[in-house]
Structures are given as C-alpha cells and as structure tokens.
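What follows is a set of notes on a single structure, which appears directly below.
In the UniProt record's numbering, the protein residues as written are 1 to 137.
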C-alpha cells in the first residue's frame with residue numbers, strides 16, 4: 001500500500017487528534033481543528049455545528065469521554081483543498097462507521113463535515129465498501 005498524499009496524511013493526523021479524549025475535552029484544541037462552518041450528523045441523528053459540539057464536549061457536566069479506537073481508516077484527496085476520510089470507531093462496545101470531509105483553510109486542514117452511523121457486530125464480517133453502489137468503481 002502506498003503512502004497517503006500529504007493532504008490525506010494531514011487529515012488523518014487531525015482526525016486522530018480529534019479521537020483523543022484530552023483534545024475532545026479542550027475547547028481551544030477543538031476550535032483549532034474544526035472549520036468555522038463545521039457541521040456534523042452524529043450517530044444519534046442529531047445535527048451539530050461548531051459551537052454546539054464544542055459546548056457539549058467541554059461542558060462541566062459532560063461525561064468523561066472514553067477512548068475511541070479507529071480502524072480501517074482510508075482517505076482520498078477529492079481536489080486540492082478537500083479530503084474525504086472513512087473509518088470505523090469503537091468506544092465502550094459501541095461501533096460507528098464514520099465519514100469526514102477536511103477542507104484546507106488559511107490556518108491549515110480543518111474538519112468541515114462529519115457523519116457517524118452506528119453498526120452492529122454483524123457488520124464486521126464484511127468490508128462495507130466492497131458491496132456498495134461504488135464497488136469495483
């Protein structure tokens with residue numbers, strides 16, 4: 001497997017930082033990684049923006065974030081200033097398929113959009129990208 005492009009590598013680095021519980025609990029670090037126009041569709045189906053996700057993750061009464069373990073991370077540079085990442089996470093027995101768009105801003109690569117979709121153990125028996133509408137493309 002070849003090394004990712006510098007853009008994909010930067011997006012992966014940013015994504016891995018966002019999975020760190022210490023980063024997720026710090027408003028300043030989150031603000032550095034999230035694009036000003038950030039939007040998320042969470043695993044619950046809730047819509048989030050930059051301000052609401054930072055406030056929720058860093059609130060004094062927020063539950064302590066557990067470690068998120070990432071697997072099967074893949075990236076593609078869609079154009080010079082846009083990278084798409086897909087990966088799976090597990091935390092406390094809960095698993096999600098995740099998709100992120102990273103945009104190049106004057107300050108560097110920032111997470112622009114994220115979506116998480118929960119899945120069960122049965123989904124682990126196959127690669128979710130191998131039988132979808134773009135399989136073999």
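The C-beta atom is built at its ideal place from N, Cα and C for all residues, glycine as well.
Bear in mind that the values here come from a model prediction, so they are computed numbers and not experimental data.
In this structure, residue 119 lies near residue 97, with their beta-carbon atoms less than 8 Å apart. Contact check between the stretch 61-74 and the stretch 35-50: fewer than three CB pairs, one atom from each, fall below 8 Å, which does not count as touching. At the C-beta level, residue 14 and residue 94 stay beyond 8 Å of one another. The distance from the Cβ of residue 85 to that of residue 103 is about 12 Å, inconsistent with a contact at the 8 Å cut-off. DSSP lists 48, 114 as the beta-bridge partner residues of residue 40.
For residue 56, the secondary structure class from DSSP, reduced to helix, strand or coil, is helix.
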